[in-house]
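K.L.:
Numbering (this note's numbering), first residue to last: 20 to 252.
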Amino acid sequence: MASAPTKNPTESDARVPVTPDELSQALEVGVYDRSGKATKLGDLVHGKRTALIFTRHFWCVNCQAYIRYMSASMPPSNLPPNTQILIIGCGTHHPIDNYAAASSSKYPVYTDPTQRLHAIFKFKWTLSQGQSGDEVKDYMGDAGGVVYRIYAGWKYAMSSISHINDVGPKSLNGGEVVIGADGKCEFVHRMQNTVDHAHVKELAGVLGARFDEGMKEEGGACGEACGVEPGKA
20 MASAPTKNPT ESDARVPVTP DELSQALEVG VYDRSGKATK LGDLVHGKRT ALIFTRHFWC
80 VNCQAYIRYM SASMPPSNLP PNTQILIIGC GTHHPIDNYA AASSSKYPVY TDPTQRLHAI
140 FKFKWTLSQG QSGDEVKDYM GDAGGVVYRI YAGWKYAMSS ISHINDVGPK SLNGGEVVIG
200 ADGKCEFVHR MQNTVDHAHV KELAGVLGAR FDEGMKEEGG ACGEACGVEP GKA
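1. Alpha carbon to alpha carbon, how far is Ser124 from Ser92? Give it in angstroms, no decimals.
2. Run through the region 59-107 for me and flag every whole alpha helix (DSSP H) of 4 or more residues, listed as ranges in chain order.
3. With a threshold of 6 Å on Cβ separation, who are the neighbours of Gly115 within its own chain once the five nearest residues in sequence on each side are excluded?
4. Cα separation between Gln134 and Thr111?
5. For Val207, which of helix, strand or coil comes out of DSSP?
6. Checking the sheet assignment: what are the DSSP bridge partners for Val128?
7. If you draw a straight line from the C-alpha of Gly194 to the C-alpha of Gly61, how long is it?
8. Between which two residues does the alpha helix (DSSP H) containing Val50 stretch?
9. What's the C-alpha gap between Asp32 and Lys189?
10. Quick check on Gly193: does DSSP put it in helix, strand or coil?
11. Is the beta carbon of Thr130 less than 8 Å from the beta carbon of Ile104?
12. DSSP three-state call for Ile198: helix, strand or coil?
13. Roughly how far, in whole angstroms, is the beta-carbon of Ala70 from the beta-carbon of Leu226, given that I think they are within contact range, below 8 Å?
14. Please report the straight-line C-alpha distance between Gly163 and Phe230, rounded to a whole angstrom.
15. On the DSSP bridge assignment, give the partners of Ala57 in chain order.
16. Kindly indicate the opening and closing residues of the alpha helix (DSSP H) around Ala138.
17. I think Phe73 touches Leu136, with their Cβ atoms under 8 Å apart; what is that distance to the nearest whole Å?
18. So the candidates are Ser90, Cys109 and Lys203; which of them puts its Cα closest to the Cα of Trp78?
19. Measuring CB to CB, does Thr102 end up less than 8 Å from Arg75?
20. Over the uninterrupted alpha helix (DSSP H) stretch that includes Val225, give me the two end residues.
21. Could you give the first and the last residue of the continuous alpha helix (DSSP H) run that contains Tyr118?
22. Looking only at C-alpha atoms, which of His113, Tyr126, Gly149 and Gly224 sits nearest to Val183?
23. Checking 8 Å against the spacing of the C-beta atoms, do Tyr158 and Val80 come in under that value?
24. Within a Cβ cutoff of 7 Å, which residues of the same chain sit near Gly199, ignoring the five residues on either side of it in sequence?
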């Protein structure tokens with residue numbers, strides 16, 4: 020059984036491979052869909068090459084920007100045969116419909132309210148937004164500045180305030196895990212701060228997917244719920 024989520028792995032831990040034992044544990048964990056139905060992760064990925072996108076809490080506009088950009092630049096039609104992408108949050112299933120709409124997701128969204136998967140994969144707990152001079156990830160190019168994103172996040176939270184106890188821990192980050200059709204882990208990246216998902220272009224390369232770099236993500240930092248454009252907050 021997984022321990023509590025690991026606190027603050029070092030920078031070098033971002034790419035430490037997932038062990039076979041950790042992956043075996045993860046595949047036994049149940050994740051919930053939009054209707055609250057639980058399915059073992061292993062059943063969802065069985066026989067398919069799968070990229071698992073682990074997000075922060077459901078109100079995080081940075082992760083919404085990632086999903087929006089990924090959906091625009093690497094939609095399902097760009098994936099190789101027998102390849103899928105699944106998004107996994109860390110709250111209850113209740114916010115999933117709002118989240119999928121706000122992020123313009125073209126991929127199915129699940130969640131693990133126990134956060135066991137985040138623990139097994141050793142995702143980091145931090146509210147750091149990185150440091151000045153850090154590389155700007157490709158998905159953040161049109162997400163607006165820090166002030167705008169804070170404002171957009173507040174607007175989105177107010178539009179779904181009934182989910183305040185369902186969105187998941189604010190300081191728990193996520194990352195990306197790619198599992199091959201043979202059940203072996205091929206790639207892992209753990210966010211080191213709140214804007215540190217792997218480049219979508221890098222993930223496309225790992226999957227052998229077509230990456231449409233010129234595609235623009237639809238909507239602002241939190242979709243139509245915000246009702247504002249970047250730079251106008």
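Idealized CB from N, CA, C, for every residue including glycine.
Predicted model, so just to flag it, every value in this text is computed and none were measured.
P.N.:
Inspection of the coordinates gives the following:
1. For the purposes of this step, residue 92 is taken as the residue at position 73 of the sequence shown. For the purposes of this step, residue 124 is taken as the residue at position 105 of the sequence shown. The straight-line gap from Cα to Cα measures roughly 12 Å.
2. 60-64 and 80-92
3. Looking up residue 115 in the sequence shown gives position 96. Here residue 115 is Ile; the residue named in the question, Gly, does not match the sequence. Once the five neighbours on either side are set aside, the close Cβ partners of Ile115 are Arg53 and Val128.
4. Counting from 1 along the sequence shown, the entry for residue 134 is found at position 115. Counting from 1 along the sequence shown, the entry for residue 111 is found at position 92. Looking at the two C-alpha atoms, the distance is approximately 10 Å.
5. Taking the first residue of the sequence shown as position 1, residue 207 is located at position 188. It is a strand residue.
6. Here residue 128 corresponds to residue number 109 of the sequence shown, with the count starting at 1. In DSSP, Val128 forms a bridge with Ile106.
7. Locating residue 194 in the sequence shown gives position 175, counting from the first residue. Locating residue 61 in the sequence shown gives position 42, counting from the first residue. Each residue's Cα considered, the two are about 18 Å apart.
8. For the purposes of this step, residue 50 is taken as the residue at position 31 of the sequence shown. Element bounds for Val50: not the alpha helix (DSSP H) but the beta strand (DSSP E), Gly49 to Tyr51.
9. Along the sequence shown, read from residue 1 onward, the residue named residue 32 stands at position 13. Along the sequence shown, read from residue 1 onward, the residue named residue 189 stands at position 170. Spanning the two alpha carbons is a distance of roughly 21 Å.
10. In the sequence shown, the residue the question calls residue 193 occupies position 174. Reduced to three states, the DSSP call for Gly193 is coil.
11. Counting from 1 along the sequence shown, the entry for residue 130 is found at position 111. Counting from 1 along the sequence shown, the entry for residue 104 is found at position 85. Result no, Cβ atoms of Thr130 and Ile104 do not sit closer than 8 Å.
12. By 1-based counting over the sequence shown, the position of residue 198 is 179. Three-state DSSP puts Ile198 in a strand.
13. Counting from 1 along the sequence shown, the entry for residue 70 is found at position 51. Counting from 1 along the sequence shown, the entry for residue 226 is found at position 207. Indeed they touch by this definition, with Cβ atoms about 6 Å apart.
14. The count along the sequence shown starts at 1 and reaches residue 163 at position 144. The count along the sequence shown starts at 1 and reaches residue 230 at position 211. Confidence at Gly163 is low in this model, with a pLDDT of 49, below 50, so the placement of that residue is unreliable and no value is reported for it.
15. On the sequence shown, residue 57 is found 38 positions in, with the first residue counted as 1. In the DSSP output, where bridge partners are listed per residue, Ala57 has Tyr51.
16. Position 119 of the sequence shown holds residue 138. Per DSSP, Ala138 belongs to the alpha helix (DSSP H) from Arg135 to Ile139.
17. Against the sequence shown, residue 73 aligns to sequence position 54. Against the sequence shown, residue 136 aligns to sequence position 117. Contact flag correct, Cβ pair sits at about 7 Å.
18. Here residue 78 corresponds to residue number 59 of the sequence shown, with the count starting at 1. When only C-alpha atoms are compared, the closest one is Cys109.
19. The sequence position of residue 102 within the sequence shown is 83, counting from 1. The sequence position of residue 75 within the sequence shown is 56, counting from 1. Cβ atoms of Thr102 and Arg75: not closer than 8 Å.
20. Counting from 1 along the sequence shown, the entry for residue 225 is found at position 206. Val219 to Leu226 is the span of the alpha helix (DSSP H), which, as asked, contains Val225.
21. Translated into positions along the sequence shown, residue 118 becomes position 99. Per DSSP, Tyr118 belongs to the alpha helix (DSSP H) from Ile115 to Ala121.
22. In the sequence shown, counting from the first residue as 1, residue 183 sits at position 164. Per the sequence shown, the amino acid found at residue 183 is Ile instead of Val. It is His113 whose Cα lies nearest to the Cα of Ile183.
23. Against the sequence shown, residue 158 aligns to sequence position 139. Against the sequence shown, residue 80 aligns to sequence position 61. Contact: no.
24. For the purposes of this step, residue 199 is identified with residue 180 of the sequence shown, where counting begins at 1. The answer, listed in chain order, is Arg68 and Glu205.
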